[in-house]
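Undergrad:
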Amino acid sequence: MTGGHRAEGEEEMLALGRSIGEMLPRRHLVYLIGDLGAGKTTLTKGIVEGLGAGRAEEVSSPTFTLIHEYGDPVRVYHIDLYRLESARELAGLGLEEILERDAVVIIEWPDRFARWLPAPDLTVRITHDHDARRVYLDPPVTFGQ
Ligand SMILES: Nc1ncnc2c1ncn2[C@@H]1O[C@H](COP(=O)(O)OP(=O)(O)OP(=O)(O)O)[C@@H](O)[C@H]1O
Ligand SMILES: [Mg+2]
């Protein structure tokens, strides 16, 4: 894979997230794929800001709480499937109902339950490139520079 967006450090990751958030439609399903500590939650902080749904420092990892909501009315659902252990637990999240709402739904670790989840509108893959990260968007997006 070539290209992608380079994000060196947390600030650049936040800025990239903001750019993504600014161009997202009101209703969108976004998958975030990358190793532990890749920067998925950091990118989400920026996306939430870019959508105007909250400030980066209000956004925390839903690792144990599973779902966090931002905006009033809710504009972003941030979901983390890392700790989920079964498709039965996944069914208990009420994801189908959430996906019917006019909101951006961001899911970390969708790869753990790929066969039970609907196809996303946007897949974000984050890879480590020495200290920095590369962020690949599918479908690709070129931001004005
Ligand atoms: N582009 C970047 N360059 C360097 N460090 C980064 C970058 N993006 C995020 N980080 C840092 O990496 C650490 C982990 O980030 P984050 O929690 O966002 O990862 P994650 O992918 O959500 O991890 P997890 O899989 O555990 O949920 C944080 O300390 C964050 O500041
Ligand atoms: Mg995370």
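Residues are numbered in my numbering as their position in the sequence shown, beginning at 1, plus a constant of 1.
By construction, the Cβ of each residue, glycine as well, lies at the ideal position given by its N, Cα and C atoms.
(1) What is the C-beta distance between glycine 55 and tyrosine 71, in whole angstroms, given that I count them as a contact (C-beta under 8 Å)?
(2) Given proline 119, which residues of its chain have a CB within under 8 Å of its CB, disregarding the five upstream and five downstream residues?
(3) As a quick exercise: from Glu90, Ala57, Gly51, Pro74, pick the residue whose alpha carbon is nearest that of phenylalanine 65.
(4) Identify, in the order they occur along the chain, each residue of the same chain with its Cβ nearer than 7 Å to the Cβ of alanine 16, setting aside the five sequence neighbours on each side.
(5) Using DSSP bridges, identify the partner residues of threonine 124.
(6) Give me, in chain order, the residues of the same chain whose beta-carbon lies closer than 6 Å to that of isoleucine 34; leave out the 5 immediate sequence neighbours on both sides.
(7) Check whether the Cβ atoms of isoleucine 107 and histidine 79 sit closer than 8 Å, and answer yes or no.
(8) What first and last residue would you give for the beta strand (DSSP E) that runs through valine 77?
(9) Give me, in chain order, the residues of the same chain whose beta-carbon lies closer than 7 Å to that of methionine 14; leave out the 5 immediate sequence neighbours on both sides.
(10) Whole angstroms is fine: what's the gap from glycine 4's alpha carbon to glutamate 98's?
(11) Taking Cβ to Cβ, would you say leucine 67 is nearer than 8 Å to phenylalanine 114?
(12) Does the beta-carbon distance from glutamate 109 to leucine 82 come in below 8 Å?
(13) Output the distance between the C-alpha atoms of glycine 10 and aspartate 132, rounded to the nearest integer angstrom.
TA: Concretely, from the data shown:
(1) 4 Å
(2) Leu30, Leu100
(3) Glu90
(4) Gly47
(5) Tyr32, Asp139
(6) Asp112, Arg126
(7) yes
(8) 77–81
(9) Ala8, Gly40, Thr43, Leu44, Gly47, Arg134
(10) 36 Å
(11) no
(12) yes
(13) 8 Å
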